[in-house]
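For the record, the sequence lines run as chains A and B.
All the letters of the first sequence, read from the start, carry residue numbers 74 to 366 under the working numbering.
All the letters of the second sequence, read from the start, carry residue numbers 909 to 1140 under the working numbering.
A short worksheet on the structure shown next.
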Amino acid sequence: MYDFLKNLDRRWIFLLMFLSVSIPIIIIGITGQSFPEKPTALSITTFEIIENLKEGDKVLLSFDFDPASEGELGPMATAFTYHCAAKKLKMYFMALWPVGPQMVDNAIENVIKKDFPHLVYGEDYVNLGFKSGGEGVIKVIVTDFMELYSTDARGTPFKSIPMNKEISSVQDMDLVINISAGSAGTKEWVQYAVTPYPDEITLIAGCTGVQAPLLYPYIPEQLPGLLGAIKGAAEYEKLVFDRYYRDEGLEVPGRYQEGVRRMGPQLVAHLLMILLIIAGNYIFFAEKKRGIP
Amino acid sequence: MKRTVPLLITAFGGFVLIISYFIPATQGWGETVAIWFDVLASIAFILGGANLLKIHLKKVSDWQSGWGFSAVTISAFIITLYVGLTKMGVNPSTNYPDYVWSGSYREMGAPFWWLYEYAFKPLTATMFAMLAFYVASAAFRAFRAKNTEAILLLGTAFIILLGRTFAGVFLTSWLPESLSGLRIENLTVTIMQVFNTAGNRAIMIGIALGIASTSLKVLLGVDRSYLGGGED
């Protein structure tokens, strides 16, 4: 056993990881079934913050991620957009990452245009697009949008868009939702928007797994709601689509179960990781016993 | 001059931002400086592009090892830049139909959209996904219970790995309600909200103090390392 593990080619490990991710994807794809989700308190709080908003309230959605982390953050972007649209909130999309506008386009195409075709661009939702500068952008728009956003992403003058007439800065938003894969992202929104204006700005966020531990110190004062990685997305999906589909006796479309479905490959991959760590430590202790340095 | 002017700009911008934070009447000054920062950030894209070209063109012209990759990088950069800047294949915006370049560079079906959808998106997603393979290999080869700290780290890793999946619920759901705090999914929450938060807050406070002192050194011109080498 020792010799087998000691001389194990790492390509076998790569193959095991490939199979542990791909087989659950195929099985879940065929059966349409995944593991049940039990939402944690943080996901419930995130859900309730949006749920407690009133029709017509203004929400700024900053999509600060790119295709590299879309697998992790895409499902929560979809669920956030659906939740806001279902609650009839006014959605202001923006991005601090260069390819963020494409992430916004995905959400608009896959959620608003498919399930809420009656929503009108400029009256119910608007895409403000990307601006360079990261935290510098937050610092400016937190007091005045017009300083940086003279037009929306389509080139329409900012103030000629009907729903923009109601806002002049981020402080006019009833909620800020940030989906973040790094810097600039949630940390910068906390530091440059929420911290100087704690009474005016409420922020909730969804982030990657590696970011989540770094954002916990801001909970609950500066960041009352946080969805961490695909697990957070799956929990939030369950809450949103239980409320808007299952409770109404409707079947949830596959595109709204991406987070829950991805928990299957995550489970098997995590179990493989644990087995690999145990196997690695077996070699370590076997070598120690044999006096091998 | 080459060093004095940047030093003065840095000191001026930094102190204006500090003053505007503490004195509400000067908030507008801070906003102006922040806008300068955003303008500079936009110009940094041009500098970044020029730097990328400079490094890779040198590699290609010197026939250094891996010059082929540099050639691919340069080609991809120039093609994407050209397609994006010229808005190749993009229809004019419905708001301004008389202006050829008024359409969105991201228009579905346009060459830039095609490059994004079928080249950039799968390539970046693949790069990120490959992490899973390397993490698995590293877990097998490097994660050893060598001492008490490593054992604690391993134990925490097992709890978090299980607690972030249905396995955590499945393995300990038999525990009675009075012991629900010991269920793996609840232990995960406790680790994240108590131990992780406490540790991270301590680290963050330390980093913040370090940043404050380093920033002061930069603003006062004591630390000039960010200006690089060279004479005045």
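Heads up, the beta-carbon is just placed ideally off N, CA and C, and yes, glycines get one too.
Note that this is a predicted model, so its numbers are computed, not measured.
- Taking the beta carbon of residue 1045(B) as reference, the chain A residues within 9 Å of it are 83, 86, 87, 90, 349, listed in sequence order.
- Scanning chain A for C-beta atoms nearer than 7 Å to the C-beta of residue 1077(B) yields 111, reported in chain order.
- Taking 8 Å as the cut-off between beta carbons, the residues of the stretch 1093-1109 of chain B near chain A are 1093, 1097, 1100, 1101, 1104, 1105, 1108, 1109, in sequence order.
- Among the residues facing chain B, residue 175(A) is included, as its CB has a counterpart in that chain under 8 Å away.
- Listed along chain A are 212, 213, 216, 217, 220, each with a C-beta nearer than 8 Å to that of residue 939(B).
- Closest in alpha carbon position to residue 1014(B), among 923(B), 1025(B), 950(B), is 1025(B).
- Burial state of residue 197(A) is buried, judged by a 10 Å Cβ sphere holding 16 or more other Cβ atoms.
- Per DSSP, reduced to three states, the secondary structure at residue 983(B) is helical.
- Residue-level contact by beta carbon fails for residue 1006(B) and chain A, as no gap is shorter than 8 Å.
- Going by DSSP, residue 1063(B) is part of the alpha helix (DSSP H) stretching over 1056-1071.
- Here residue 142(A) is buried, its C-beta having at least 16 other C-beta atoms within 10 Å.
- Taking C-beta atoms as the reference points, residue 93(A) and residue 345(A) count as a pair closer than 8 Å.
- Contact of residue 935(B) with chain A is assigned, a C-beta pair being separated by under 8 Å.
- The beta carbon of residue 921(B) lies closer than 8 Å to those of 941, 944, 945 in the same chain, with the five residues before and after it left out.
- Runs of the beta strand (DSSP E) spanning 3 or more residues and lying entirely within the stretch 909-952 of chain B do not occur at all.
- Using a Cβ-Cβ distance cut-off of 8 Å, the stretch 247-267 of chain A and the stretch 106-114 of chain A are not in contact, since fewer than three pairs of beta carbons, one from each stretch, lie closer than that value.
- Scanning the stretch 126-180 of chain A from its first residue to its last, the whole alpha helix (DSSP H) runs of 4-plus residues come out as 143-159, 173-180.
- Within the same chain, and ignoring the five residues on either side of residue 120(A) in sequence, the residues whose Cβ sits closer than 7 Å to its Cβ are 309, 312, 313.
- DSSP places residue 287(A) in the uninterrupted alpha helix (DSSP H) bounded by 285-288.
- Residue state for residue 352(A) is assigned as helix, using DSSP reduced to three classes.
- Of all alpha-carbon atoms in 352(A), 131(A), 150(A), the one lying nearest the alpha-carbon of residue 165(A) is that of 131(A).
- Contacts with chain B at 8 Å (Cβ-Cβ) include residue 287(A).
- Contact between the stretch 1003-1011 of chain B and the stretch 1020-1040 of chain B is not established, with fewer than three Cβ pairs separated by less than 8 Å.
- DSSP links residue 366(A) through a beta bridge to no other residue.
- Within the stretch 329-349 of chain A, contact with chain B at the beta-carbon level (separation under 7 Å) is assigned to 336, 339, 340, 342, 343, 344, 345, 346, 347, 349.
- Annotation: residue 1127(B) to residue 912(B) spans about 12 Å, alpha carbon to alpha carbon.
- One finds 204, 205, 206, 209, 210, 213, 221 in chain A with Cβ atoms closer than 8 Å to the Cβ of residue 946(B), taken in chain order.
- Residue 989(B) is outside the set of residues whose beta carbon lies under 8 Å from a beta carbon in chain A.
- For residue 202(A), the CB contacts under 6 Å within the same chain, skipping 5 residues up- and downstream, are 174, 226 in chain order.
- When Cβ pairs closer than 8 Å are counted between the two stretches, the stretch 1031-1051 of chain B is seen not to touch the stretch 1069-1076 of chain B, the count staying below three.
- Under the Cβ criterion of 8 Å, residue 304(A) is counted among the residues facing chain B.
- What residue 354(A) touches in chain B, judged by beta-carbon distance under 7 Å, is 1052, 1053, going in chain order.
- Between residue 296(A) and residue 1074(B), the beta carbon gap of about 27 Å keeps them out of contact (Cβ cut-off 8 Å).
- About 7 Å separates the CB atoms of residue 1096(B) and residue 1076(B); that is less than 8 Å, so the two are in contact.
- Interface annotation for the stretch 221-246 of chain A against chain B: 221, 226, 227, 228, 229, criterion Cβ-Cβ distance under 9 Å.
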